[in-house]
Every structure is written in C-alpha cells, then in structure tokens.
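Visitor: Residue numbers (the working numbering), protein chains in the order written: chain A, 3 to 156; chain B, 3 to 156; chain C, 3 to 156.
C-beta atoms are modelled at their ideal positions from N, C-alpha and C, and glycine is treated no differently.
All values derive from a computational prediction rather than experimental measurement.
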C-alpha cells in the first residue's frame, strides 16, 4: 500500500509542507514519536477555509477544510520523515472546528480528515480523535488539526 | 487495590465503553502509551449533560458530568486493556468544560473527574490536568475529557 | 549553555512553581516523558493577566502573558527535575489565548512563550506549537500553556 499512489488515485498531490507561523518547529521527532504543529487548511500558501461552520461555512465546507488540513498533515510527515516508510502509524488526531453558537456537528466535519488519512495510509492511518468546537481559531481558520504519530527513527 | 471493587464501593458499575462518533478508534496502544479518544458524559447511550456551566448547568451539574465522563474513561481503559492490571498509571487528563461567558470555575468542575479516577485507581490514578472553557463542545456536551495513560503492552 | 545564567542575563529569576488548582499533579514523569499541567501567567501567587486579547488586553499584553506563563513552565520543569540537566528537550507547546471575537493574532502572542523558552534553553527549547483562541480560559486567564518534554529519568 503506497500512500503516494493512493493520493494519486484520489486525484491529489502532496503540497509543500506549510511553514511555521512563529518561533517554533513544524515537527519534532523524539523517542519514537513524531509531534506535529497545528495544521490548517492551507492551499498554495493561503487559508482556503475561514470562518465558522454553522454560520459562514456549511458542514460540507467544513468537511473539505478538514480534508485539506489532513493533506497538510501528510505533507508534514512526508517532509520530516523523507517519505512514509518509517511511519509506524498515526496515533492521535485532535480536531478543532470553528463553530457558530448552536452548531454541534463536529464529528461529521472531522471525518473529512479521518477519511483521507485512512484512505491514504491504510491501516497505519487509524487514530483516536477528540473533537472541539471553539468560537474561533487562529487566523480565522475553519479547522485546525493536531497530530501525533509513532515512527521508526532510523 | 482493586479498581472494580472500588467502583462497587462507590455504588458504580462500569458501563459499556462508548463507541466512536466517526471514522476513528476509541483507543490506540503504541509504545507503552494508551491514547483515548475524547470521552463525554454518556449514560446508556445518550449524553446525560448538555449545555454550559454557568448558564443551563450549575457547577454541581458540571462536577457530575465530569465524573460521568471519567467513568467512561475507565470503561474505555478496561475494554481495550482487558482489565486494569496492565495499566501502569494515568498520565494526562485534559478537561474541557462548556462555559457561559463570565464563568471561570473549571477546576472545581474537573475535580469531578479527578476525584473519581483517584478513588477508583488509587495512586495509579494521579495525573496532570489542563482545564479549558470553550463556548461549546461537540454534541452540545457539557464536558469532554482527553486522557493519556502509561501501560504495559503484554 | 546554562539556563539559569540565561535567565539572569534576561533579568529574570525562576519563581516558585505554581501549585495545582485541584486534585491533580503539577507534573508527571513517565517513560522518558515529562507532562506538565496547564500553566498560567501567575506572578507571586496571582494571575497577572486576565481577560481577552483584542478586548481587555492588547497583543503586547498577550505577549507578556505568554512569556510569564512560559516562565512558570520553566519553574515547573526545574522543580520536578531538580534542575535542567536531565531535560533532553521540549517537544510540544500548546498555547491557548483568550480571544475577543474578530481577533486572530495568536501566533504573535504565543511567540512570547516560544521566544523565552528558546532564549533560556537554547536548542533544547525548540518545540512544535499549536495555537488556540477560545472565548475564555479558566480563572479568566489570558493565556494557558500545555507543555510536553523529553527527559532522562535518571
């Protein structure tokens, strides 16, 4: 199961891994764990989805935003690990969805991330998830994903 | 110190572990760590506490919601580890409490979770905690807990 | 590179590590990882920065709040590890900034934490970061930091 081939079959290509927005690292590898910085629905250097699901954005927009943020997760893993060979498995995905008052459907939106990660990585893409619906996210992003993975360091 | 006996002495029984709300796993075990998905105050398949502390709910409601979510944490650990024998210790509890504007008492509410975890697991139940007070949580839940534990894998 | 000397050159001294606000531990050490409880901008036992950036507080206030919370992170590490010798490196910093509606500048504010951690710890202070902008935080704090570090246990 080749993740890059799976991406191609979905009509997707791996973007350049987004750069940190401040004085921190995009990824840190330590003790067999890969920690990634928060990932957003960036496309070609700009946020493709801003605003809140349930107000400025529909649930379908949110699903696509989560999927795009997950594509950037894959790009970060590929960039720091030099490919997917040394990825043992994803472990945790925390999904934050900017939500209008009264909108509570985060699980459906975050399946946009989970579906892509499993489609591309196969069994290695499985993960626990926790969903959050803050009133807003940095940069007015619609979605933010925080991912931890288990890796072989050499 | 038998966690199941402790539960019984508190008049509690372990519920069935809640199932994931989307395309993810309830728990992932990797490298001696057990990661759990976000746990909510589910009781018999439905959310028992919805709304915000400081508005629809009192602090005492919030305490009970946190305690119920922690009971589901225990159910998840028991389900995935086949009991509590291979649980070394809890490590982290992140507690999210849906909060009305101007209400800031999350630590008291989250003691509902911490108290139960320590009562049931004893010294193995100790943990670091971080508290958050978002405007809302998925499914309009009052509380969400994210837990990481150290375990023996075999 | 001596972190305490670096602190002195910045005109700072390590405060007493803040005590937990409830039934939990300030820090847990397990399997080579140090987990810290949420840290706030406490100064001499009281919160020095309350309210939301973009409303009651400016971005510069927020930067100082993040810096002060990071000083408490350093105090916690020093207290639990008996110094900085056994700190391998910081790994993750999650930064939560209480935000007024329409304010989205969390990365600049959280550099207040990241800048201090790198100034004091040098290369060991590098970390991945994720930024969040909830409507409020516990105790009406302006900032909360959640930190994970890699350590040598003996």
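Let me know the beta strand (DSSP E) ranges lying completely inside the segment 109-145 of chain C, each 3 residues or longer, listed in chain order.
Guide: List check, beta strand (DSSP E) in window: 130-134.
Visitor: Helix, strand or coil: which one does DSSP assign to residue 101 (chain A)?
Guide: Three-state DSSP puts residue 101 (chain A) in a strand.
Visitor: Counting contacts by CB-CB distance shorter than 9 Å, is residue 128 (chain A) in contact with chain B?
Guide: With 9 Å as the cut-off, residue 128 (chain A) counts as an interface residue toward chain B.
Visitor: With a threshold of 9 Å between beta carbons, is residue 80 (chain B) in contact with chain A?
Guide: So no, residue 80 (chain B) is outside the interface.
Visitor: Given a cut-off of 9 Å on the beta-carbon distance, is the pair residue 116 (chain C) and residue 8 (chain A) in contact?
Guide: Their beta carbons are not under 9 Å apart, which means residue 116 (chain C) does not touch residue 8 (chain A) by this criterion.
Visitor: Within 8 Å, do at least three Cβ pairs link the segment 93-111 of chain A to the segment 63-77 of chain A?
Guide: Enough Cβ pairs lie closer than 8 Å, so yes.
Visitor: Below 6 Å CB to CB, which residues in the same chain sit around residue 100 (chain B) once its five sequence neighbours on both sides are set aside?
Guide: If we look at residue 100 (chain B) and ignore the five residues flanking it on each side, its Cβ neighbours are 54, 138, 139 and 144.
Visitor: May I ask you to verify whether the segment 7-23 of chain A touches the segment 86-99 of chain A, counting CB pairs closer than 8 Å and requiring at least 3?
Guide: Flag = no, the segment 7-23 of chain A and the segment 86-99 of chain A do not touch.
Visitor: Would you list the one or two residues that DSSP bridges to residue 41 (chain C)?
Guide: According to DSSP, which records beta bridges pairwise, residue 41 (chain C) is partnered with C:147.
Visitor: Among residues of its own chain, excluding the 5 on either side of residue 158 (chain C), which ones have a beta-carbon nearer than 7 Å to its beta-carbon?
Guide: In the structure displayed, chain C extends from 3 to 156; residue 158 (chain C) sits before or after that span and is not available.
Visitor: Are the beta-carbon atoms belonging to residue 136 (chain C) and residue 136 (chain A) less than 9 Å from one another?
Guide: The answer is yes: Cβ separation under 9 Å.
Visitor: Looking at the secondary structure, which residues open and close the beta strand (DSSP E) in which residue 55 (chain B) lies?
Guide: Segment: none, residue 55 (chain B) is in no beta strand (DSSP E) and carries neither H nor E.
Visitor: Within 10 angstroms of the Cβ of residue 52 (chain C), are there 16 or more other Cβ atoms? Answer buried if so, exposed if not.
Guide: Flag for residue 52 (chain C) reads buried.
Visitor: How far does the alpha helix (DSSP H) with residue 72 (chain B) in it extend, from its first residue to its last?
Guide: 61-83 is the span of the alpha helix (DSSP H), which, as asked, contains residue 72 (chain B).
Visitor: Taking only the alpha-carbon atoms, compute the straight-line gap between residue 133 (chain A) and residue 96 (chain A) and give it to the nearest angstrom.
Guide: When rounded, the distance between both Cα atoms is 6 Å.
Visitor: What is the residue span of the alpha helix (DSSP H) that residue 31 (chain C) lies within?
Guide: Run containing residue 31 (chain C): none in the alpha helix (DSSP H); it sits in the beta strand (DSSP E), 29-32.
Visitor: What did DSSP end up calling residue 88 (chain B) once you bin it into helix, strand or coil?
Guide: Note: residue 88 (chain B) maps to coil in three-state DSSP.
Visitor: Can you tell me which residues form a DSSP beta bridge with residue 96 (chain B)?
Guide: Residue 96 (chain B) pairs with B:132 and B:148.
Visitor: So what's residue 48 (chain B) in DSSP terms, helix, strand or just coil?
Guide: The answer is strand: DSSP assigns residue 48 (chain B) an E or B state.
Visitor: Counting contacts by CB-CB distance shorter than 9 Å, is residue 120 (chain B) in contact with chain C?
Guide: Output row for residue 120 (chain B): interface = yes.
Visitor: Check the Cβ of residue 11 (chain B) against every Cβ in chain D and list those closer than 9 Å, keeping chain order.
Guide: As a matter of chain content, chain D is missing from the structure shown, whose protein chains are A, B and C.
Visitor: Under 8 Å by Cβ, that's how I've got residue 28 (chain B) and residue 19 (chain B) pegged, so tell me the actual separation to the nearest angstrom.
Guide: Going by Cβ atoms, the distance from residue 28 (chain B) to residue 19 (chain B) rounds to 6 Å, so yes, they are a contact pair.
Visitor: For residue 121 (chain C), collect the residues of the same chain with a Cβ closer than 7 Å to its Cβ; drop the 5 residues on either side in sequence, then sort them by chain order.
Guide: Answer for residue 121 (chain C): 8 and 12, listed in chain order.
Visitor: For residue 37 (chain C), which of C:93, C:61 and C:57 has the nearest alpha-carbon?
Guide: The option with the nearest alpha carbon to residue 37 (chain C) is C:93.
Visitor: At a CB distance below 9 Å, what residues from the segment 131-148 of chain A approach chain B? Give them in sequence order.
Guide: For the segment 131-148 of chain A, which is checked against every Cβ of chain B, the residues closer than 9 Å are 131, 132, 133, 134, 135, 136 and 137.
Visitor: Do you know whose CA, among A:98, A:81, A:70 and A:125, lies nearest residue 49 (chain A)'s CA?
Guide: Residue A:70 is the option with its Cα nearest to residue 49 (chain A).
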